[in-house]
Amino acid sequence: MLMSDSRTDTSISDNDENTVLHVALKLGHYNLIKMMLPRAKDLTRQDASGCSVIIEAIKNQLEDLALDMLQACPSLVHTATHDLVTPLHLAAERGMTHLTKQLLIAGAQVDATDATGLTPSLYCAKNDSVLECLAMIEDIMMIADTSVDEQQQQPHVKGNKISSRISS
Numbered sequence: 001m002l003m004s005d006s007r008t009d010t011s012i013s014d015n016d017e018n019t020v021l022h023v024a025l026k027l028g029h030y031n032l033i034k035m036m037l038p039r040a041k042d043l044t045r046q047d048a049s050g051c052s053v054i055i056e057a058i059k060n061q062l063e064d065l066a067l068d069m070l071q072a073c074p075s076l077v078h079t080a081t082h083d084l085v086t087p088l089h090l091a092a093e094r095g096m097t098h099l100t101k102q103l104l105i106a107g108a109q110v111d112a113t114d115a116t117g118l119t120p121s122l123y124c125a126k127n128d129s130v131l132e133c134l135a136m137i138e139d140i141m142m143i144a145d146t147s148v149d150e151q152q153q154q155p156h157v158k159g160n161k162i163s164s165r166i167s168s
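Going by the UniProt record's numbering, the sequence shown opens with residue 1, and the numbers climb by one from there.
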């Protein structure tokens, strides 16, 4: 049972690994979610289908709520479903240009591939904002340093160039 109380423990889950926030999202209680975000313990938790709450918000076209979640927990940028679909894949696919930009600023991996080998750039082709989303992703790829972190095997991004290149 959901309680409209800011003291609700957001870490408890049901048999399908749905946290209180997952359930609130599925039931459409968006104001309750916004109220609980500042004290949510682990927004990166996945339900049984592999979805974090930001993934569910994006799937449901709730860009503002996804932005609030990203602000509350920047590490959500690195979450992925069991099929390796990231928030950037979905935001690009759905033409959510502001969310796409914020995910890129937060450090989303532009070269992340889903289980079928598709990158966020290829997901862009599925929407009307393809050119804008693709331009932002390509800007990040162009400023990526060619050196590779030996521990993480991921490209480095140079300084503040991300925010200055895509902030317009």
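Ideal placement from N, C-alpha and C gives every residue a C-beta, glycine not left out.
| Query | Result |
| --- | --- |
| DSSP state of L99 mapped onto helix, strand, coil | helix |
| Test item: CB-CB of A48 and A57 under 8 Å | no |
| Distance, C73 Cα to H98 Cα | 17 Å |
| 8 Å Cβ cutoff met for Q46 and R94 | no |
| Buried versus exposed, by CB contacts within 10 Å (16 or more), A80 | buried |
| Entirely enclosed alpha helix (DSSP H) segments - the region 77 to 126, minimum 4 residues | 87 to 93, 97 to 105, 120 to 124 |
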